[in-house]
Structures are given as structure tokens and as C-alpha cells.
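For reference, the structure is listed below as C-alpha cells.
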Amino acid sequence: MAKLEAGMTREEAFALLSEHNKEAFHIEHGETVEGTMRYFAREFDPENEEFWGIVGLLHDVDWEEFPAMEDHTVKGAEMIRAAGGTEELVHAVQSHTSDFNPACPEPELFMEKVLFAVDELTGLIGAAVLMRPSKSVMDFEVKSLKKKFKDKRFAAGCSRDVIRRGAELCGWELDELFQRTIDAMRSFAPDAAAPAAQ
46 MAKLEAGMTR
56 EEAFALLSEH
66 NKEAFHIEHG
76 ETVEGTMRYF
86 AREFDPENEE
96 FWGIVGLLHD
106 VDWEEFPAME
116 DHTVKGAEMI
126 RAAGGTEELV
136 HAVQSHTSDF
146 NPACPEPELF
156 MEKVLFAVDE
166 LTGLIGAAVL
176 MRPSKSVMDF
186 EVKSLKKKFK
196 DKRFAAGCSR
206 DVIRRGAELC
216 GWELDELFQR
226 TIDAMRSFAP
236 DAAAPAAQ
């Protein structure tokens, strides 16, 4: 696969995210999607793991300052360009908002399709995990996620339609997307490195 250039380092991307986002939740969401994207990159496009990660980190860089749907990723593109980001990076970030802004490009690269699929889903999984006694993704299973997915009142801001379309874009059944994304989030969970209980 072709080498993808972000035009900035991970450190520079994090500084850009921190400059425009003061709420810890928004920084954490960026880092969660970054970790999820890196996990998928290691399987599908290891040469470009850094690019996948930076896309995940910056995908919502403008959300806190510009939450209106017509501005989201449009303002982000300006921020990324001003910081030296490439058009490849801008395209990837904007592609995850193509479903509600026709001015934004559709996901083309597999990496963009994965971002489209996992952005909302990581939020849903994160909300579901917080309801569990363990507060951990390590013991969270697909069947529990399916129940939360069907309950439209739970984490109502997480679009089920976007998640379904993302699975289709990636060529996966919903269950496969669910399991892969849970596995991805387990790979960098705080307790991922903890020894198994005896």
C-alpha cells in the first residue's frame, strides 16, 4: 500500500487537539479512536499505523468549538491545514462526516471506512462499559453490546445508522465490527497489561 503522510508528528497532532479542546472527554475520545485505528492499522496497513492513529486523534479536532453539523470537519480542515497537515489527512478526517455534509468527501480508503465505522461505536462501547461493575472493556462481550445497540434510548447520541453503514463500508457483519472494535479497545485499555486474575 502507498505510504500516507500526515504532515505532522503524533506530538504535533496532540498539541493541535489540546489547543482546540479543553474538555477531558473530547481529548479522551480522540485518544480512544486513535488507539482503535492503530489496532486496525496493525492488521490491515501496518506501514501506515502512524497515519491511521493521527487521523483518529484529530477526527473531531473542531467539535468542541464548532459543534454545528455544517461546520464539523470543515473548520477542522482549516485547523489541520494551518498546522501543516496534508490533504490526505484532511480528506480522511472529513470523510467521517460525509453522511450529514454532502460537501465532505465519501470514505474511499479502507482506513477512512474503518474511521467511519468505529467513531460512533467506540462512544457506544465506552458508555456501556461505564455501566458495568468492572468499568472495564476487558470483560465486555458482543452480546452485551448488542443489547445496548438495540436500546435506542441508551447513548442516544451514538447513531446506530452510521454504525450500520460503517460495517457495510468495511464489508463486515455488525457482529464482526462489534467484536473487532471491542478487541481493539481491549488492546489499549488501562487494565490490558494487568496480569490475569488467578
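First residue of the sequence shown? That's 46 in the numbering used here, and the numbers climb one at a time after it.
In this text, a Cβ means the ideal position worked out from N, Cα and C, and glycines have one as well.
Please read all numbers here as calculations on a predicted model, not as lab measurements.
What is the rounded straight-line gap between the Cα of E213 and the Cα of M114?
-> Taking the Cα positions, E213 is about 23 Å away from M114.
Review point. Which residue's Cα is closest to the Cα of A58: V174, K67, H104?
Key: The candidate whose alpha carbon is nearest that of A58 is H104.
Do T131 and E50 come within 8 Å of each other at the CB atom, strictly closer than that value? T131 sits close to E50, with the two beta carbons spaced by under 8 Å.
*asked:* Quick check on the DSSP output: the alpha helix (DSSP H) that includes F223 runs from which residue to which?
replied: F223: member of the alpha helix (DSSP H) spanning 219-232, first to last residue.
| message | So, at 6 Å on beta carbons, what are the nonlocal neighbours of D236 in its own chain, with the 5 sequence-adjacent residues on each side left out? | response | If we look at D236 and ignore the five residues flanking it on each side, its Cβ neighbours are S181, M183.
Tell me which residue opens and which closes the alpha helix (DSSP H) that S179 is part of. For S179, no alpha helix (DSSP H) segment is defined, and its DSSP state is neither H nor E.
Q.
So, under 8 Å CB-CB, A128 and M53 are touching, yes? Tell me the CB distance rounded to an integer number of Å.
A. Between M53 and A128 the Cβ distance is about 6 Å, and since that is below 8 Å, they are a contact.
field: A212, DSSP secondary structure in three states
entry: Taken through DSSP and simplified to helix, strand or coil, A212 comes out as helix.
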